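Residue 75 in the UniProt record's numbering sits at position 75 of the sequence shown, and the numbers go up by one each step. Beta carbons: idealized from backbone N, C-alpha and C, even for Gly. All of these numbers come straight from a predicted model, not from anything done at the bench. Working notes, beginning with the structure itself.
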Amino acid sequence: MATELKIDIVSDISCPWCIIGFKALQAALKEVAPDITASIEWQPFELNPQMAPEGQEITEHLTQKYQISEQQAEQNRDAIRQRGLGVGYDFANRGGGRIYNTFDAHRLLHWAKTQGKQTELKLALFDLYFKNNGNPSDHEQLLKTAKSVGLDIAGAKKVLQSDQFTVDVRQLQQQYQSAGVQSVPAVIVNNKHLISGGQPAEVFQQALTKIANER
Numbered sequence: 001m002a003t004e005l006k007i008d009i010v011s012d013i014s015c016p017w018c019i020i021g022f023k024a025l026q027a028a029l030k031e032v033a034p035d036i037t038a039s040i041e042w043q044p045f046e047l048n049p050q051m052a053p054e055g056q057e058i059t060e061h062l063t064q065k066y067q068i069s070e071q072q073a074e075q076n077r078d079a080i081r082q083r084g085l086g087v088g089y090d091f092a093n094r095g096g097g098r099i100y101n102t103f104d105a106h107r108l109l110h111w112a113k114t115q116g117k118q119t120e121l122k123l124a125l126f127d128l129y130f131k132n133n134g135n136p137s138d139h140e141q142l143l144k145t146a147k148s149v150g151l152d153i154a155g156a157k158k159v160l161q162s163d164q165f166t167v168d169v170r171q172l173q174q175q176y177q178s179a180g181v182q183s184v185p186a187v188i189v190n191n192k193h194l195i196s197g198g199q200p201a202e203v204f205q206q207a208l209t210k211i212a213n214e215r
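Here you go:
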């Protein structure tokens, strides 16, 4: 009989390690199937909650936030591109662009969960930002992305044009921060086992197998 694990992934759309980690987790789940299955929910985390509406140029942002040089920022991006390719995700040589506020995208993701399409929307939002150099704070781009995964445009527009799910998202953010989540991705299994960072598939596989065997 298969063991089903509950997996919460605390992440942000503009976090490259979050999509890298998810792709590695997917690979691990494929290896442990059918003995171990998982139900996955995405939980909100804002890397830059104070970001202005116009966003900030990405290299400027990275050098200021992490106190690194432009050369180090570019080296880090190259390393991320290579890790992405290693798990089957092409960042499309994204060397420029901007960092944006992602709060409305998290509200839309919270709604998408009620529609049974949260993971589909999350992955499409990763592609919007990383592959298409899009703006996940722009409502028109969010609506287009929602439509691309089969979500109801009228419903999505209703969420974005109101403050719907604002309290829910804020409360979830506070919940996970209070629990000690200060960086993402944070993969939480069965509400108690934390796997931090964009780990390789082998690390996820070992952890999932150990957790399943403990039950």
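Cβ contact annotation for Gln205 (same chain, cutoff 7 Å, sequence separation greater than five): Ala28, Glu31 and Val32, in chain order. The residue among Gly21, Ser14, Asp90 and Ile40 with its C-alpha nearest the C-alpha of Ile7 is Ile40.
According to the DSSP assignment, Asp78 belongs to no beta strand (DSSP E) but to the alpha helix (DSSP H) extending over Glu70 to Gly86.
The continuous beta strand (DSSP E) containing Glu4 extends over residues Thr3 to Ser11.
By the criterion of a C-beta distance shorter than 8 Å, Leu5 is surrounded in its chain by Ile36, Thr37, Ala38, Ser39, Val189, Asn190, Leu208, Ile211 and Ala212, once the five residues flanking it on both sides are discounted. Burial is judged here by how many other beta carbons sit within 10 angstroms of a residue's own beta carbon; Asn132 has fewer than 16 and is exposed. Straight-line measurement puts the Cα of Met1 at about 48 Å from the Cα of Gly97. If you draw a straight line from the Cα of Ala186 to the Cα of Ile195, it is about 6 Å long. Collapsing the DSSP output to three states places Leu194 in a strand. Between Gly86 and Gly197, the gap from beta carbon to beta carbon reaches 8 Å or more. If the five residues before and after His139 are omitted, its C-beta is found closer than 6 Å to the C-beta atoms of Leu160, all from its own chain and listed in chain order. A buried status is given to Lys122, since no fewer than 16 other beta-carbon atoms sit within 10 Å of its beta-carbon.
Leu128 places its beta carbon less than 8 Å from that of Gln141. Inter-residue distance for His61 and Ala154 is about 35 Å (C-alpha atoms, whole angstroms). Within the same chain, and ignoring the five residues on either side of Asn101 in sequence, the residues whose Cβ sits closer than 6 Å to its Cβ are Met51 and Ser137. Non-local beta-carbon contacts of Cys18 in its own chain, meaning distances under 8 Å to residues more than five positions away in sequence, involve Ile9, Ser11, Asp12, Phe126, Val184, Pro185 and Gly198 in chain order. In the same chain as Pro16, and ignoring 5 residues on each side of it, the C-beta atoms closer than 6 Å to its own belong to Ile80, in chain order.
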